[in-house]
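Asker: Below you'll find the structure I mean.
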Amino acid sequence: MISFLVVNPFIDSLLKILSIVGLMTVSAMGLIYLERKIAARFHMRLGPTRTGPAGLLQSVADALKLVGKEDIRPASADAWSFELAPYFVFIPAFMMFVTIPFTLMLNVEMLTLGLLYIIAISSVSIVGWVMAGWGSDNRYALIGALRAAAQGISYELPLVLSVLCIAMIAQSLNLNEIIAQQTIVPNILLQPFAFFLFFTSALAEMNRAPFDIPVGESEVVGGPFVEYSGIRWSMFFLAEYTALLIMSILIVALFLGGWSWPFGEKLGTSWQILLTIMKTSLVIFLIFWVRVSVPRMRIDQLMNFCWKVLIPLALIQIFLNGLILVFHLPTFLLAVSSIMLMGVLVLIINKSMQNLNKNHIVKNNLESA
Amino acid sequence: MSNKQIETQEILVNMGPQHPSTHGVFRMVLSVDGEMITDVQPYIGYLHRGAEKLCETMDYRQGIGFMDRTEYLANFNAELSYVMAVERLLDIEVPERANWIRMILVELNRLSSHFMFVGAFGVDCGVFGTPFLYSFRERERLIDFFEEISGDRMMYAYFRPGGLAWDVPANFVSRVEEVLSSSEQGIKDMDGLLTNNEIFLSRTKQVGIIDGKAAIDWGMSGPSLRASGIEYDIRRAEPYLYYNDIDFDVITGINGDVFDRYFVRLQEMRQSINIVRQCLANLTSGAILADAAARNLRTPPGEVYIRTEAPRGEYGIYLVSNGDNRPYRLKIRSAGFSNLQALRDMVIGSYIPDAVVILGSIDIVLGEVDR
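So the sequences go chain by chain: A and B. For the first sequence, the numbering used here begins at 1 and goes up steadily by one. For the second sequence, the numbering used here begins at 370 and goes up steadily by one.
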């Protein structure tokens, strides 16, 4: 636990809140810069170069510009929901930070039900999206908000189910205990399918590509955020990157062994921080990589994939895990069952691709015309 | 369970003219029931400049530049139709070298236009810029090459009635080889970035289907028509230039869906490379402008309709002359305009994101649609 060597609990919590907000804002701005640089490299561009050395100050310049902009509210907008919406997205993102373990000792407050807390808090932001979409009185925003609600609620389920797989193995919802249990074998090896589930639903939960359907730039032009400008818009933006960071740390904690794997508790705190940061960067890079590589899915395909594929398979995984754990079968069976489910998933996707090719409606050539 | 249905309401969504994926200033008003499109009302004319009327006020030489401005992604193809129409009226023979160079440039322009299509189509499908920038790199190389030849990146005005404005640079052949090999690599990149991507396939297959008969009824032409399985290519059906002597395949699709329209274009790019290689082998030296072509042309009275296969389809020029040094009437038959009419048939019954992809697959250039 962070100790500020202050006896007064009020000052202590105030400092903690300040440190959360400060740290998260700075790292979110850093992430925005990184995403622009990395995406630019994927695109064979240079990205920002002009503001500061190698464009490092680009995010700062953007933030200053956004703060300086006029805060416009459309005349027909619903004032309350329009103005409150950014906070409903912004605050949960920061609240998730509370129980994130950077090292064994370094966290704000290690909750016993930390995982449950994070899952619960992360769904609150959907309310903000819907408020933004409804309050803007704009049809693109409305469509985007409805998409966000449908997608957010649907993908909450595989997210929870995949977390459940891990919680069953660790027999705990405390993130530090989950990490400590992974000292020898990280969970990604035991449960690759759960990792895939979590990664996919986390992308959907954060509205990142290929699931950026609610904000789809080429369709609904930014979705719920169309009417937002200036500081309110930047709050959405900041929340997006904060959520990205937290989800990545969560993936590291749940599947990649957090600060623990492969060295255990022998490492000092600073090394543990470094280990966490390295693993998190890897995950974030992976998310950026996915973003620049794949097209956007369509909302009906997304829902089908969730309800017809991911959730049934996740339930099977939980059932199998239960069998293995209750009857004390050898641990490697966890990995075997998970890999088999991955195989099933690949088969299903292959099958659906074949169906696309099979349903050829051949209405061609001049003769038939 | 009660049988009472939840009451729903259709809403109108206005897409464009300032929408990021309407390819310029096209506007469509969608009636949507949830995500399902029940009706679409397209509006064109935001880029209307009266190009046809303007051409009637200019002499034939000045009109060439205007063709560039109607079809600004395939300028050489547009110039070609116009220039050929004037030549037909004048009844002059174009030197062989000029014709080969015209063919090379027209095919390269088809390449650059299709690269533009593929890149923009990637954005329509929602990839964050990667295919767009990869294809733009290739397009940029082609355009640099066109600039070396004509002196301009977009508005070339390089073809003249009777030949070409001036001869190509001395390193023409080696430069063409260079852009061809880079374009080949670019097409392979597109295969990797889009064609083999599962999400891309599921977004494009079985979407926006139009069958061959409907496509003909709407007057579609070019790759959009061939994707519906109709083997009609003006380069084959009514050969102009030296397309008779060249060996190439007419690519057709099977389903007439969005994927086929994309894939036909991608394969056509390979064919274009093939055609240019053959043209290079046949390239002769000699004059590039017919002797008969004066600077200020006066055409004998008459009328003529010339069509060529532009990247988007049939680019036709109907020219009426009354013996003056300017057209009495000039009508442009643009492929984009006719292809766009089929939009309603394709879009109704699909989802909002599909509308964007379908519009992208028709590959319109608003400058050509509105003129």
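Don't be surprised by glycine CBs; every beta carbon is placed ideally from N, CA and C. A quick note: this is a predicted structure, and the numbers were derived from the prediction, not measured.
Have a look at residue 473/B and residue 407/B and give me their C-alpha separation to the nearest angstrom.
Answerer: Residue 473/B sits at position 104 when you count from the first residue of the second sequence. Residue 407/B sits at position 38 when you count from the first residue of the second sequence. For residue 473/B and residue 407/B, the distance between alpha carbons rounds to 45 Å.
Asker: Which residues, taken in chain order from the region 550-573 of chain B, show a beta carbon closer than 7 Å to some beta carbon of chain A?
Answerer: 566, 567, 568, 569, 570, 571 and 572
Asker: Considering only residues of the same chain and omitting the five flanking positions on each side of residue 173/A, which have a CB-CB separation below 8 Å?
Answerer: Here residue 173/A is taken as the residue at index 173 of the first sequence, counted from 1. Closer than 8 Å at Cβ, skipping near neighbours: 112, 113, 114, 115, 116 and 167.
Asker: Please classify residue 387/B as buried or exposed, where buried requires at least 16 neighbouring CB atoms within 10 angstroms.
Answerer: Position 18 of the second sequence, counted from the start, is the residue given in the question as residue 387/B. So residue 387/B ends up on the exposed side.
Asker: Excluding sequence positions up to five away, which residues of its chain have a Cβ less than 6 Å from the Cβ of residue 459/B?
Answerer: Locating residue 459/B in the second sequence gives position 90, where the first residue counts as 1. 668, listed in sequence order.
Asker: Label residue 220/A either buried or exposed according to how many other C-beta atoms from any shown protein chain fall within 10 Å of its C-beta, with 16 as the threshold for buried.
Answerer: Working through the first sequence from its first residue, we reach residue 220/A at position 220. Looking at its Cβ environment, which holds 16 or more other Cβ atoms inside 10 Å, residue 220/A is buried.
Asker: Which value, in whole angstroms, describes the spacing of the CA atoms of residue 65/A and residue 644/B?
Answerer: The residue labelled residue 65/A in the question sits at position 65 within the first sequence. The residue labelled residue 644/B in the question sits at position 275 within the second sequence. Going from the Cα of residue 65/A to the Cα of residue 644/B covers about 52 Å.
Asker: If residue 202/A and residue 245/A are in contact, beta carbons under 8 Å, what's the gap, nearest whole angstrom?
Answerer: The residue labelled residue 202/A in the question sits at position 202 within the first sequence. The residue labelled residue 245/A in the question sits at position 245 within the first sequence. With a Cβ gap of about 12 Å, residue 202/A and residue 245/A do not count as contacting.
Asker: So which residues of chain A does residue 727/B contact, with C-beta pairs closer than 8 Å?
Answerer: As a working note, residue 727/B is residue 358 in the second sequence. Within 8 Å Cβ-Cβ: nothing; residue 727/B doesn't reach chain A, min ~12 Å.
Asker: On a CA-only basis, which of 686/B, 739/B, 704/B and 723/B is nearest residue 432/B? Give me that one, please.
Answerer: Residue numbering aside, residue 432/B sits at position 63 when the second sequence is read from its first letter. Between residue 432/B and the set 686/B, 739/B, 704/B and 723/B, the nearest pair of CA atoms involves 686/B.
Asker: Residue 381/B: which of 390/B, 398/B and 374/B sits nearest, CA to CA?
Answerer: Taking the first residue of the second sequence as position 1, residue 381/B is located at position 12. Among 390/B, 398/B and 374/B, the Cα nearest to that of residue 381/B belongs to 398/B.
Asker: Taking residue 400/B as part of the beta strand (DSSP E), name the residues at either end of that continuous run.
Answerer: Numbered from its first residue, the second sequence carries residue 400/B at position 31. Element bounds for residue 400/B: 396-402.
Asker: Helix or strand or just coil, what does DSSP make of residue 585/B?
Answerer: What you label residue 585/B is simply residue 216 of the second sequence in a count that begins at 1. Here DSSP, grouped into helix, strand and coil, assigns residue 585/B to helix.
Asker: Below 9 Å on C-beta distance, what does residue 720/B contact in chain A?
Answerer: Indexing the second sequence from 1 puts residue 720/B at position 351. Per Cβ cutoff of 9 Å: 298, 299 and 300.
Asker: Taking just the CA atoms, how far does residue 493/B sit from residue 719/B?
Answerer: In the second sequence, counting from the first residue as 1, residue 719/B sits at position 350. In the second sequence, counting from the first residue as 1, residue 493/B sits at position 124. Cα-Cα distance, rounded: 15 Å.
Asker: Within 8 Å, do at least three Cβ pairs link the region 599-613 of chain B to the region 521-540 of chain B?
Answerer: no
Asker: Per DSSP, residue 528/B forms a beta bridge with which residues?
Answerer: Along the second sequence, one-based indexing puts residue 528/B at 159. Looking at the DSSP assignment, residue 528/B forms a beta bridge with 533/B.
Asker: Determine the direct distance from the alpha carbon of residue 345/A to that of residue 314/A, and round the result to whole angstroms.
Answerer: Along the first sequence, one-based indexing puts residue 314/A at 314. Along the first sequence, one-based indexing puts residue 345/A at 345. In a straight line, the C-alpha of residue 314/A is about 11 Å away from that of residue 345/A.
Asker: Can you find a C-beta in chain A that's less than 8 Å from the C-beta of residue 712/B?
Answerer: If you number the second sequence from 1, residue 712/B lands on position 343. No, because no Cβ of chain A sits closer than 8 Å to the Cβ of residue 712/B.
Asker: Are the region 626-637 of chain B and the region 566-585 of chain B touching, with three or more C-beta to C-beta distances below 8 Å?
Answerer: Taking a contact to require three or more Cβ pairs closer than 8 Å, the region 626-637 of chain B and the region 566-585 of chain B qualify as touching.
Asker: When burial is assigned at 16 or more other CB atoms within 10 Å of the CB, is residue 709/B buried or exposed?
Answerer: To locate residue 709/B, count along the second sequence from 1; it is residue 340. Buried is the call here.
Asker: Any heavy atom of the ligand COA closer than 7 Å to the Cβ of residue 214/A?
Answerer: Absence of the ligand COA from the depicted structure is noted, as is the absence of any ligand whatsoever, leaving it without description.
Asker: DSSP on residue 501/B, reduced to helix/strand/coil?
Answerer: The residue labelled residue 501/B in the question sits at position 132 within the second sequence. The answer is helix: DSSP assigns residue 501/B an H, G or I state.
Asker: Do the region 194-214 of chain A and the region 278-290 of chain A touch if we need at least three Cβ pairs shorter than 8 Å?
Answerer: yes
Asker: Classify residue 376/B as helix, strand or coil using the three-state DSSP reduction.
Answerer: Position 7 of the second sequence holds residue 376/B. Residue 376/B falls in the coil class under three-state DSSP.
Asker: Can you say whether residue 513/B is buried or exposed, counting buried as having 16 or more other CB atoms within 10 angstroms of its CB?
Answerer: Locating residue 513/B in the second sequence gives position 144, counting from the first residue. With fewer than 16 Cβ atoms within 10 Å of its Cβ, residue 513/B is classed as exposed.
Asker: Kindly indicate which three-state DSSP category residue 182/A falls into: helix, strand or coil?
Answerer: Stepping through the first sequence from its first residue, residue 182/A is reached at position 182. Residue 182/A: coil per DSSP, three-state reduction.
Asker: Around the C-beta of residue 650/B, are 16 or more other C-beta atoms found within 10 angstroms, so that it is buried, or is it exposed?
Answerer: The residue given as residue 650/B occupies position 281 in the second sequence. Residue 650/B comes out exposed.
Asker: With the cut-off set at 8 Å, would you say residue 294/A and residue 565/B are in Cβ contact?
Answerer: Stepping through the first sequence from its first residue, residue 294/A is reached at position 294. Stepping through the second sequence from its first residue, residue 565/B is reached at position 196. No. Outside cutoff.
Asker: Taking residue 267/A as the reference, which of 40/A, 70/A, 89/A and 104/A has the closest Cα?
Answerer: The residue labelled residue 267/A in the question sits at position 267 within the first sequence. Residue 104/A is the option with its Cα nearest to residue 267/A.
Asker: Determine contact between the region 89-103 of chain A and the region 232-245 of chain A, defined as no fewer than three beta-carbon pairs at a distance below 8 Å.
Answerer: yes
Asker: Let me know the secondary structure DSSP gives residue 538/B once reduced to three states.
Answerer: If you number the second sequence from 1, residue 538/B lands on position 169. Coil, per DSSP.
Asker: Using only CA atoms, which one of 728/B, 510/B, 456/B and 732/B lies nearest to residue 410/B?
Answerer: Residue mapping note: residue 410/B aligns to position 41 of the second sequence, counting from 1. It is 728/B whose Cα lies nearest to the Cα of residue 410/B.
Asker: When you compare the CB of residue 291/A with every CB in chain B, is at least one pair closer than 8 Å?
Answerer: As a first step, residue 291/A must be located in the first sequence, where it is residue number 291. The beta carbon of residue 291/A falls within 8 Å of a beta carbon belonging to chain B, placing the residue at that interface.
Asker: Is it the case that the region 42-61 of chain A contacts the region 493-504 of chain B, given that we only count it when at least three CB pairs across the two stretches are under 8 Å?
Answerer: yes
Asker: Let me confirm a value: residue 462/B is counted as buried when at least 16 other C-beta atoms fall within 10 Å, else exposed. Which label applies?
Answerer: As a position in the second sequence, residue 462/B is number 93, starting the count at 1. By the neighbour-count rule (16 or more Cβ atoms within 10 Å), residue 462/B is not buried but exposed.
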